[in-house]
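Number of protein chains: 2
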Amino acid sequence: MNEITSLERRPEGGPGPIRRTALHDTLVTHLRDMIIEGDLPPGTRLHEGQLGEQLGVSRTPLREAIKYLASEGLVELVPSRGAVVKRFSAKDVQDMLTVLRSLEELAGRLACETASDAGVAEVRALHDEMVSRYKAGDRLQYYKLNQQIHTAIAQLSGNAALADMHGILQTRLKRIRFIGHEGPEKWAAAVAEHEEMIAALEARDQARLSEVLGRHLRKAWERVRDSV
Amino acid sequence: MNEITSLERRPEGGPGPIRRTALHDTLVTHLRDMIIEGDLPPGTRLHEGQLGEQLGVSRTPLREAIKYLASEGLVELVPSRGAVVKRFSAKDVQDMLTVLRSLEELAGRLACETASDAGVAEVRALHDEMVSRYKAGDRLQYYKLNQQIHTAIAQLSGNAALADMHGILQTRLKRIRFIGHEGPEKWAAAVAEHEEMIAALEARDQARLSEVLGRHLRKAWERVRDSV
DNA sequence: ACAAAAAATGCTGCATACAGAATACAAAAG
DNA sequence: CTTTTGTATTCTGTATGCAGCATTTTTTGT
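Residue numbers (my numbering), protein chains in the order written: chain D, 7 to 234; chain H, 7 to 234.
So, in structure tokens, the structure goes:
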């Protein structure tokens, strides 16, 4: 995100069934991205007037979006003083990863039981794409596909609540991970773990998938530890 | 909750440091309770005008509270049609309990490692109080203390993210559990399991606590299964 | 010159007002 | 009698305006 000018309310393209994107959703997504990508660093006060003008929206919908993000845990509401971007300590991050690991281990087990072949194939496709991005050295796309794969596995579990909780933690961690750029050797290790994950999933090997996911996230902590 | 008249903005009791309760928090809590306690059954449309008048608040803060609850997963936002109380299927409930079980098992293990004696003592106190309510046949207080105990264990883990996720699921399930009134024999069994939990916690027996918590929630599903 | 008090500024919190969409109702045509 | 279409009402979505609190700056007294 380089510069924010104004929010397009709706595509306004040609005719046809225009995608009715509610402003609320657009705002939530936009603010979330701004936080994740560092446009709004931790500790920043969300200035309603200024921010609203920047985005081309009045304060009312903006405040609603902020409240939504507060419930999501990305911002903190301070009475009479508005909202500030939440700051996570190293322990917070470690704790989140601990929970995320537990959830992914569960998701892995469930996914092996319930996932359809088509679902597995989709994850495989994402993985292959990710590997090619890795080989091309495209960190940003690699990162995004990485997230998508973990999200996809959580969804393959067929457990909506699990996918929800996973999503919330994933979002909270996105900002951290967005920063943490590991070196080449650790990056290679991460890709290898992913390879192993997909293999286990395709073999419907519960124990192995669960184990790999757990190991993967244990290492994730080591990777981001220093950048927190 | 029998009848809703209006929200007290602040206690307005005697002088002194008046508790500065922000209206937002009050509203969120109030709406949450209304949903949990069945004043707003699943599928109900949250009528902003009417509801606001009922609570003595204008639409603006009400909408903000609704957005907050939407992020929490208690209500669903339908574009151009407002918000409706989310309806959970039997599978949804089962899924939530599956995740909650996984989280509590983790919390149990962590709590045995990190909990202070004082913390454990507090849970014990809650438990004793709960047992006395049980013996007195006071279902409502029993139910509330039951929830408090599970929440307390999640917090004893010392993992804020874990407590958060646990809290969200617990809230979503409250409405269901509030309805599910098990018979005397199952009730007795639940109390016995709680007794075992506390013993394991006091003994700092990770495996046993984790196991009991898991078993407890497995049975919880059986208890509410029919009332969903 | 320094400290304390007072005024002024800026922001949040809430209410109200207005515009557009959705639904309900009614009338007319088949 | 059913269906369709036009109209009216109701509700949501967004903007704006006002009051109160917090903070900062200015002023005043020592």
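Using N, Cα and C, we set each Cβ at its ideal position, and we do this for glycine too. Quick caveat, the model's predicted, so the values are computed rather than measured.
request  = State the Cα-Cα distance for the pair residue 113/H and residue 59/H, rounded to the nearest angstrom.
outcome  = 42 Å
inquiry  = Just checking: is the beta-carbon of residue 47/D within a distance shorter than 7 Å of some beta-carbon in chain H?
reply    = Answer no: the Cβ-Cβ gap between residue 47/D and chain H never drops below 7 Å.
inquiry  = Going by DSSP, what residue range makes up the beta strand (DSSP E) through residue 43/D?
reply    = Here residue 43/D belongs to no beta strand (DSSP E), and DSSP marks it neither H nor E.
task = Evaluate the contact criterion for the region 134 to 153 of chain D versus the region 195 to 215 of chain H: three or more CB pairs, one atom per stretch, below 8 Å.
result = In short, these stretches do not touch, since the Cβ pair count stays below three.
ask   = Should residue 101/H go down as buried or exposed, given a rule of 16 or more other Cβ atoms within 10 Å for buried?
value = Residue 101/H comes out buried.
message = Counting only beta-carbon separations shorter than 7 Å, does residue 18/D have a partner in chain H?
response = Note that residue 18/D scores 37 on pLDDT, short of 50, meaning its location in the model is unreliable; the coordinates nonetheless yield the value given after this. Chain H contact via Cβ: absent.
request  = Give a yes or no on contact between the region 88 to 107 of chain D and the region 166 to 174 of chain H, applying the rule of three or more CB pairs nearer than 8 Å.
outcome  = yes
ask   = So, helix, strand or coil for residue 143/D, using DSSP?
value = coil
task = Using a Cβ-Cβ cut-off of less than 7 Å, list which residues of the region 152 to 168 of chain D approach chain H; keep chain order.
result = 165, 166, 167, 168
query = For residue 132/D, which of helix, strand or coil comes out of DSSP?
reply = helix
task = Please confirm if residue 180/H has its CB atom under 7 Å from at least one CB of chain D.
result = no
request  = Inspect the CB distances between the region 82 to 90 of chain H and the region 121 to 140 of chain H and report whether three or more fall short of 8 Å.
outcome  = no
ask   = Among 51/H, 204/H, 153/H, which one has its Cα closest to the Cα of residue 182/H?
value = 153/H
key: Any alpha helix (DSSP H) of 4 or more consecutive residues that is wholly inside the region 87 to 133 of chain H   = Listed in chain order, they are 96 to 120.
task = On the DSSP bridge assignment, give the partners of residue 51/H in chain order.
result = 90/H
ask   = Going by DSSP, what residues sit across from residue 82/D in a beta bridge?
value = 90/D
ask   = Which residue from 206/H, 211/H, 207/H, 195/H puts its Cα closest to that of residue 223/H?
value = 195/H
ask   = How is residue 216/D classed by DSSP in three states: helix, strand or coil?
value = helix
query = By DSSP, does residue 209/H sit in helix, in strand, or in coil?
reply = coil
query = Does the pairing of the region 209 to 227 of chain D with the region 170 to 177 of chain D give three or more beta-carbon distances under 8 Å?
reply = no
Reference residue 234/D; option with closest CA among 116/D, 83/D, 180/D, 120/D = 180/D
query = My guess is that residue 63/D and residue 33/D are in contact by the Cβ rule of under 8 Å, so how many angstroms apart are they, rounded?
reply = 7 Å
query = Taking the C-alpha atoms as reference points, what is the distance between residue 54/H and residue 70/H?
reply = Their Cα atoms are separated by approximately 11 Å.
inquiry  = Counting C-beta neighbours from all protein chains within 10 Å, is the total for residue 119/H 16 or more, i.e. buried, or is it exposed?
reply    = exposed
task = Report the option in 178/D, 210/D, 226/D, 49/D whose CA atom is closest to the CA atom of residue 117/D.
result = 210/D
ask   = How many Å lie between residue 129/D and residue 130/H at the Cα?
value = 46 Å
task = Kindly indicate which three-state DSSP category residue 195/D falls into: helix, strand or coil?
result = helix
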